[in-house]
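Since the structure comes first, as structure tokens, the remarks are kept for the end.
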Amino acid sequence: MGESSDSVSVHIDMLSFGGKEHLVKTSRGSISVYVCGDLEKPALITYPDVALNSMTCFQGLLFSPDAASLLLHNFCIYHIDAPGHELGADVISSDVPLLSVDDLADQVAEVLDFFGLKQVMCLGVMAGAYILTLFAMKYQERVLGLILVSPICKATSWTEWFYNKVLMNLLYFYGMCGILKECLLQRYFSKEIRCSVQGAESDIIQACRRLLDERQSLNVMRFLQAINERYDLTEGLKNLQCRTLIFVGESSQFHDESVYMSTKMGKKTCALVEVEACGSLVTEEHPYAMIIPIEFFLMGFGYYRQPYFASSSSNGSNPTSPSSHSCIAPELLSPRVWVSSSNQSKPIDIDVEQDNFYPAEETKIGKVMVLRPPDDFLTRIFSKLSLVDHIQFDAVCKNWEQLSKRIRPADKLPWRLLYDWRESDE
């Protein structure tokens, strides 16, 4: 990336991201892009929801060691904030024209041009998912794949339009007041995490409140207004060719719309993951539920998780020593795919060899053996299939009860991953 007078680079001490913020000047105003990772690696761009920034929208996912070994190992991540949503942002002047959703999508393209990025993987949440989906429609050749969290794709209903108008009036006249913060927290999180049984608010809610206090309310209002005037993407979804993975919380306000979106995108290119007991902001509320589906998704592009023994070696331990391995015998495990055809289901067994396991990972409940699917895992599955309605990937073993007592709580499958598979209509 060459230096340009159109950009001002700012160093920010963000403890774990270890990156650099760029204020990129575009034809539609300046936009903050926080870059972390090796610039030589493929690019993953992110876009957050209304009133959030990259830290509050994605840190739960990216601070996870499992996610870091998968995402930071494979990508250089470019966190794009909505205009005026970065830390320490000034109020956008009233003389600056309001941006439409098309303007925001085109702004993303200008960011890619500045960094010299030809193709990118996209990760967006709610309103950010809409912007990146629209970007993918307008610039299909520049998008490898989409990972969308509680996405929206329809035009606003009258109910949502009126509700957002109320929020915009609160922002304009009262700023980030208490009732507005409560409305936004309901948008992001499930009732379970907002209303703790112990009475005290969780760390994630407290952190989100602090961030909202720092927001420039007029900047938030501008982004919310753009989203409130969005248009229906349904027709464009049918022609979108890039592979897409959709996550949605079971209690998300956008659950029905996310399911609708997955059905319109086509069964050959889109997979839906429903996360139980979760709101819209899956990246913060249940980030571990995203890791295994993302790993399967990225395998289709040739990306794999960094082996655990790499980090073990850096700490001076011997990854091949007996103490590094789990007491779970490999023969207990059998990766299995349940195939449903009409009303009948049957498992398809895939052989597992010792070298298909990572060394055990130390957890609070002991060492856990982590399965690494063989490189040709999906190919071997599909070679055994004819006409089926769908494939459901499950962590199944020959003695599930024995394994489930040893597996991490985060791996107790709070998600369902369905890959639709039908023969070509051609």
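For the sequence shown, position 298 matches number 299 in the numbering used here, and the numbering has no gaps at all. Ideal Cβ positions, reconstructed from N, Cα and C, are used throughout, including at glycine. Predicted, not measured: the structure shown is a model, and the values here were computed from it.
Given this structure, state the Cα-to-Cα distance separating residue i from residue j, to the nearest angstrom.
| i | j | result |
| --- | --- | --- |
| GLU277 | GLY89 | 35 Å |
| LYS269 | PHE298 | 13 Å |
| GLN187 | LEU73 | 30 Å |
| GLU41 | TYR304 | 15 Å |
| CYS429 | SER252 | Residue 429 is absent from the structure shown; the chain starts at 2 and stops at 427. |
| SER94 | ILE293 | 44 Å |
| ASP39 | MET266 | 32 Å |
| PRO66 | TYR289 | 10 Å |
| MET138 | SER281 | 23 Å |
| ASN431 | PHE76 | With the chain running from 2 to 427 in the structure shown, residue 431 is simply not present. |
| LEU71 | ASP104 | 32 Å |
| VAL283 | PRO43 | 24 Å |
| TYR164 | LEU45 | 33 Å |
| GLY85 | VAL92 | 7 Å |
| LEU149 | ILE247 | 5 Å |
| VAL97 | LEU24 | 17 Å |
| CYS37 | VAL112 | 15 Å |
| ILE295 | LEU62 | 11 Å |
| CYS184 | PHE59 | 20 Å |
| SER31 | GLN226 | 18 Å |
| VAL249 | LEU273 | 8 Å |
| SER191 | VAL260 | 18 Å |
| TYR79 | GLY301 | 22 Å |
| LEU213 | LYS182 | 7 Å |
| LEU334 | PHE64 | Since pLDDT at LEU334 reaches only 33, below the 50 mark, its modelled position is unreliable, and the value read off the structure follows with that caveat. Going from the Cα of LEU334 to the Cα of PHE64 covers about 29 Å. |
| SER33 | SER55 | 10 Å |
| GLY125 | THR160 | 24 Å |
| ASP107 | CYS123 | 15 Å |
| THR27 | GLY20 | 21 Å |
Mapping the DSSP letters down to three states, classify residue i as helix, strand or coil.
| i | result |
| --- | --- |
| PHE302 | coil |
| VAL121 | strand |
| GLU362 | Confidence at GLU362 is low in this model, with a pLDDT of 41, below 50, so its placement is unreliable and the value that follows should be read with caution. GLU362: strand per DSSP, three-state reduction. |
| LEU145 | strand |
| VAL97 | coil |
| VAL126 | strand |
| ASP233 | coil |
| ASN220 | helix |
| LEU282 | coil |
| PHE136 | helix |
| ALA52 | coil |
| PRO288 | coil |
| CYS196 | coil |
| CYS178 | coil |
Looking at the secondary structure, which residues open and close the alpha helix (DSSP H) in which residue i lies?
| i | result |
| --- | --- |
| HIS501 | Nothing in the structure corresponds to residue 501, since the chain is present only between 2 and 427. |
| LEU172 | 159-175 |
| THR270 | Where THR270 is concerned, there is no enclosing alpha helix (DSSP H), given that its DSSP letter is neither H nor E. |
| GLU87 | Careful: GLU87 lies outside any alpha helix (DSSP H) and carries neither H nor E. |
| ASP63 | At residue 63 the sequence reads Leu, which differs from the Asp that was named. It spans 55-63 - the alpha helix (DSSP H) in which LEU63 sits, taken as one unbroken run. |
| LYS155 | LYS155 -> no alpha helix (DSSP H), and no H or E assigned at all. |
| GLU202 | No alpha helix (DSSP H) holds GLU202; DSSP gives it neither H nor E. |
| ALA110 | 102-116 |
| GLU41 | Where GLU41 is concerned, there is no enclosing alpha helix (DSSP H), given that its DSSP letter is neither H nor E. |
| LEU71 | Here LEU71 belongs to no alpha helix (DSSP H), and DSSP marks it neither H nor E. |
| LEU241 | Taken as a continuous stretch (DSSP letters only), LEU241 belongs to no alpha helix (DSSP H), as it is neither H nor E. |
Determine the extent of the beta strand (DSSP E) in which residue i is found, giving its start and end residues.
| i | result |
| --- | --- |
| ILE93 | Segment: none, ILE93 is in no beta strand (DSSP E) and carries neither H nor E. |
| ILE247 | 244-250 |
List the residues that DSSP assigns as beta-bridge partners of residue i.
| i | result |
| --- | --- |
| TYR79 | VAL36, ILE46 |
| PHE297 | Answer by DSSP bridge pairing: none, since PHE297 is not bridged. |
| SER31 | LYS26 |
| LYS21 | VAL36 |
| VAL150 | VAL126, PHE248 |
* **Given 8 Å, three or more beta-carbon pairs between the stretch 171-183 and the stretch 150-160** => no
* Asked: Is the number of C-beta pairs between the stretch 167-175 and the stretch 131-145 that are closer than 8 Å three or more?
  -> no
* To do: Taking 8 Å as the threshold, find out whether the stretch 125-136 comes into contact with the stretch 46-64 through three or more Cβ pairs.
  => yes
* For the 8 Å Cβ check, are there 3 or more pairs between the stretch 225-233 and the stretch 116-123? -> A contact between stretches requires three or more CB pairs, one per stretch, nearer than 8 Å, and the stretch 225-233 fails this requirement with the stretch 116-123.
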